[in-house]
Amino acid sequence: MPMDDMPKLFHDQSAKTGLSPGSLIHVGDRITERVRITILNYDDDRFDMREGVTPEDVVGCRNGDGVTWIQVRGLHQPEILEAIGGRYGLHLLMMEDILNTGQRPKTETFESCLFTVLKSFRDRENAVWGEQISIVLGKNFVISFQESDQDLFETVVRRLKNKMGRIRHMGSDYLAYSLMDTIVDHYFEVVDLMADEIERIEERLTANPETEILEAVYQLKREILYLRKHIFPMRDVTLRLEKGDSPLIRESSRFYLRDLYDHIIQITDTIETFRETATSLLELYHTSVSNRMNEVMKVLTIISTIFIPLSFLAGVYGMNFKYMPELEFRWSYGIFWFVILVAAGAMILYFRRKKWF
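Okay, so the sequence shown: first residue is 1 according to the UniProt record's numbering, each after it adds one.
Structure below.
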C-alpha cells in the first residue's frame with residue numbers, strides 16, 4: 001500500500017523553541033493554497049450553508065437554538081484561527097494544539113467545550129492520505145479544523161442537506177459523533193487496502209523472494225507502525241467521551257459513542273494482526289532465502305562429491321612417474337573413461353535413490 005503522501009511521524013518543532021505556551025505557530029506542512037471557512041446552520045426545519053466566508057462572518061453566525069457547524073480547512077494562517085477562537089472563547093492551549101499537526105489523538109475538557117484531536121486516513125489514488133482533524137464541541141456548535149481542502153465530511157453535509165437519518169433532529173454532540181464516525185469509516189477503507197497489499201506481498205514472497213520484496217515488507221511495517229500510532233489512542237478518546245460526565249454529551253449520544261468504540265476495537269485488533277503478519281512475512285522471507293541457499297549448497301556439494309573420486313583417478317594417472325604399467329596398456333584410455341563414467345553414474349544413481357536431488 002503506497003503511502004507516498006504519508007505525513008511524517010515527527011514534525012519539526014524548532015519554530016516554537018523558546019516561545020511561551022499558547023503561542024500560535026503552525027507546525028506541519030502547508031497542503032492547501034488558502035484557508036476555507038464554511039458555516040452550516042440547521043435545526044429540524046431549516047438548513048443553511050455558506051461557503052467561502054471570512055473570519056468576520058463567524059462573529060454573527062450562531063443559529064439560536066439550532067446547531068452551528070463551522071468547517072475550517074487549512075491551518076497555515078494562525079490569525080484566522082485566532083479570530084475564530086476569540087469569538088468562541090477557545091483556550092490558547094487548545095488553539096496551539098490545533099495548529100500543531102503532530103498531536104497524538106486525545107480529548108480534553110475545557111470550561112465551555114470539549115476538544116478532540118484525531119487523525120483521518122483516506123484512500124486516494126491507491127495511496128493513503130493522512131491529516132489531523134480537530135473537533136471543538138460546544139453548546140449548540142461544532143468547529144472542525146483540518147489540514148487539507150478535501151471534502152472529508154461530504155457525506156455528513158449531504159445527510160444534513162437532504163435531512164437523511166436523525167442528524168437534523170439531534171444536537172451538536174451527535175454532529176461531533178457523526179464527524180468521528182466518518183473518520184472511523186475511512187479507517188476501514190485503509191485497513192481493506194492494507195489487507196490487499198499484504199496479500200500481494202505474500203504472493204510475491206512465495207513465488208520469488210527477491211530483495212525488492214524485503215523492502216516492501218519493511219515499508220509495510222512502517223505503515224502499520226504509523227497507523228497504530230494514531231489509531232490505537234482513539235480507543236481512549238472514545239471511551240473518555242462515552243464515560244465522561246460532560247453535560248455537552250447527552251445520554252442518547254453516548255450509545256452511539258459506545259458503538260464507535262466497538263468499531264475502533266475491531267480496527268485496532270486488525271492492525272495488531274497485520275503487525276504480527278508483517279513479522280511473519282519477514283521470517284518467511286529469511287526462511288525462503290535460507291532454503292534457497294541450502295538448495296544451492298546441496299547442488300554444489302553433490303557436484304563436488306561426484307568429482308572427488310574422478311579427481312582422485314585423474315590425479316593418480318596424471319602423475320609423472322616413469323613406470324606406470326597401465327599407461328602401456330592399449331585399452332587403458334577407454335577403460336579409464338569407463339571407470340570414470342561408471343563411478344559418476346553410480347554416485348548419481350545413489351543420490352537419486354536417497355532423494356537428495
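Cβ coordinates follow ideal geometry from the N, Cα and C atoms, glycine included.
Owing to the predicted nature of the structure, the values given are computational and were not obtained by experimental measurement.
Applying the criterion that 16 or more other CB atoms from any shown protein chain within 10 Å of the CB defines a buried residue, is H230 buried or exposed? By 1-based counting over the sequence shown, the position of residue 230 is 230. H230 should be labelled buried.
Span separating the alpha-carbon of Y350 from that of Y226: Counting from one through the sequence shown, the residue named residue 350 turns up at place 350. Counting from one through the sequence shown, the residue named residue 226 turns up at place 226. One C-alpha to the other measures close to 55 Å.
Is it true that the CB of K298 sits closer than 8 Å to the CB of W356? Along the sequence shown, read from residue 1 onward, the residue named residue 356 stands at position 356. Along the sequence shown, read from residue 1 onward, the residue named residue 298 stands at position 298. Yes; because the gap between Cβ atoms is below 8 Å, this pair is in contact.
Answer with buried or exposed for H286, where buried requires no fewer than 16 other C-beta atoms within 10 angstroms of its C-beta. Taking the sequence shown and counting its residues from 1, one reaches residue 286 at position 286. Exposed, since its Cβ has fewer than 16 Cβ neighbours within 10 Å.
Can the beta-carbon of T238 be found less than 8 Å from the beta-carbon of Y256? For the purposes of this step, residue 238 is taken as the residue at position 238 of the sequence shown. For the purposes of this step, residue 256 is taken as the residue at position 256 of the sequence shown. No, Cβ-Cβ distance for T238 and Y256 is not below 8 Å.
For V217, collect the residues of the same chain with a Cβ closer than 7 Å to its Cβ; drop the 5 residues on either side in sequence, then sort them by chain order. For this step, residue 217 is matched to residue 217 along the sequence shown. Excluding positions up to five away in sequence, the list reads I201, A278, L281, L282 and Y285.
Cutting at 6 Å between CB atoms, please list the residues of its own chain near I143, excluding the five before and the five after it. Indexing the sequence shown from 1 puts residue 143 at position 143. Same-chain partners within the cutoff: I70 and V136.
May I have the straight-line CA-CA distance separating R258 from Y177, to the nearest angstrom? Here residue 258 is taken as the residue at index 258 of the sequence shown, counted from 1. Here residue 177 is taken as the residue at index 177 of the sequence shown, counted from 1. In a straight line, the C-alpha of R258 is about 11 Å away from that of Y177.
Do you know whose CA, among F115, W129 and L114, lies nearest F121's CA? Within the sequence shown, the letter at position 121 stands for residue 121. Comparing Cα-Cα distances from F121 to each of F115, W129 and L114, the minimum goes to W129.
Beta-carbon separation (whole angstroms), E82 vs L152, contact threshold 8 Å: Position 82 of the sequence shown, counted from the first residue, corresponds to residue 82. Position 152 of the sequence shown, counted from the first residue, corresponds to residue 152. With 8 Å as the limit, E82 and L152 do not qualify as a contact, their Cβ atoms being about 23 Å apart.
Judging by CA-CA distance, which residue of E131, K163, I84 and E189 is the nearest neighbour of F47? Position 47 of the sequence shown, counted from the first residue, corresponds to residue 47. Of the candidates E131, K163, I84 and E189, the one whose C-alpha sits nearest the C-alpha of F47 is K163.
For E202, which three-state DSSP category applies? The residue labelled residue 202 in the question sits at position 202 within the sequence shown. Looking at E202 - three-state DSSP - the assignment turns out to be helix.
Identity of the residue in M234, I198 and N208 nearest Q219 by Cα: For the purposes of this step, residue 219 is taken as residue 219 along the sequence shown, with counting starting at 1. Answer by Cα proximity: I198.
Is the Cβ-Cβ distance between L99 and V191 less than 8 Å? On the sequence shown, position 99 is the one that residue 99 refers to. On the sequence shown, position 191 is the one that residue 191 refers to. No, Cβ-Cβ distance for L99 and V191 is not below 8 Å.
Given a cut-off of 8 Å, decide if Q132 and T155 are closer than it, judged by their beta-carbon atoms. Position 155 of the sequence shown, counting from 1, holds the residue named residue 155. Position 132 of the sequence shown, counting from 1, holds the residue named residue 132. Not a contact, by the Cβ cut-off of 8 Å.
Who are L114's beta bridge partners in DSSP? Position 114 of the sequence shown holds residue 114. Answer by DSSP bridge pairing, in chain order: T109 and L137.
So E51 and T38 are in contact, right, with Cβ under 8 Å, and what is the actual spacing, rounded? Taking the sequence shown and counting its residues from 1, one reaches residue 51 at position 51. Taking the sequence shown and counting its residues from 1, one reaches residue 38 at position 38. Confirmed, about 5 Å.
Specify the secondary structure class of I249 as computed by DSSP and reduced to three states. On the sequence shown, position 249 is the one that residue 249 refers to. Three-state DSSP puts I249 in coil, outside helix and strand.
DSSP beta-bridge partners for E119? The residue labelled residue 119 in the question sits at position 119 within the sequence shown. Before going on, a small fix: residue 119 reads as Lys here, not Glu. Q132.
First and last residue of the alpha helix (DSSP H) that includes M347? Working through the sequence shown from its first residue, we reach residue 347 at position 347. Element bounds for M347: S332 to R353.
So, at 7 Å on beta carbons, what are the nonlocal neighbours of Q103 in its own chain, with the 5 sequence-adjacent residues on each side left out? Against the sequence shown, residue 103 aligns to sequence position 103. The residues are D97, V117 and Q132.
Test item: CB-CB of residue 390 and L300 under 8 Å: Only positions 1 to 357 of the chain appear in this structure, which leaves residue 390 out of reach.
Run through DSSP, which three-state label would Q146 get? Start at 1 with the first residue of the sequence shown, and residue 146 comes out as number 146. Residue state, collapsed to three classes: strand.
For L205 and D196, what's the separation of their Cα atoms in angstroms? Within the sequence shown, numbered from 1, the residue matching residue 205 stands at position 205. Within the sequence shown, numbered from 1, the residue matching residue 196 stands at position 196. Each residue's Cα considered, the two are about 14 Å apart.
Skipping 5 residues on each side, what residues in its chain have a beta carbon closer than 7 Å to that of H91? Residue 91 sits at position 91 when you count from the first residue of the sequence shown. Cβ neighbours of H91 beyond the five flanking positions: F110.
Sequence-distant residues of its chain with Cβ nearer than 7 Å to residue 363 (five each side left out): Absent from the structure is residue 363, since the part of the chain shown begins at 1 and ends at 357.
Helix, strand or coil at F47 [DSSP, three-state]: Start at 1 with the first residue of the sequence shown, and residue 47 comes out as number 47. Residue state, collapsed to three classes: strand.
Between the Cα of D173 and the Cα atoms of V184, T68, E147 and W331, which residue gives the shortest distance? Within the sequence shown, the letter at position 173 stands for residue 173. If we check each option's Cα against that of D173, T68 comes out closest.
Going by the beta-carbon positions, is the gap between I224 and I271 smaller than 8 Å? Position 224 of the sequence shown holds residue 224. Position 271 of the sequence shown holds residue 271. Result yes, Cβ atoms of I224 and I271 sit closer than 8 Å.
Candidates D29, Y42, E108 and K106: closest to Q77 by CA position: Position 77 of the sequence shown, counting from 1, holds the residue named residue 77. When each option's Cα is compared against that of Q77, the closest is D29.
Quick check on the DSSP output: the alpha helix (DSSP H) that includes L214 runs from which residue to which? The count along the sequence shown starts at 1 and reaches residue 214 at position 214. Element bounds for L214: T211 to I231.
R73 - containing beta strand (DSSP E), residue span: Residue mapping note: residue 73 aligns to position 73 of the sequence shown, counting from 1. Its beta strand (DSSP E) spans residues V67 to R73.
Between N320, I308, S134 and K221, which lies nearest to F274 when the distance is taken from Cα to Cα? The sequence position of residue 274 within the sequence shown is 274, counting from 1. Comparing Cα positions, the closest option is K221.
Alpha-carbon to alpha-carbon, K354 and E328: Here residue 328 refers to the residue found at position 328 when the sequence shown is read from its first residue. Here residue 354 refers to the residue found at position 354 when the sequence shown is read from its first residue. Approximately 40 Å, taken between the alpha carbons.
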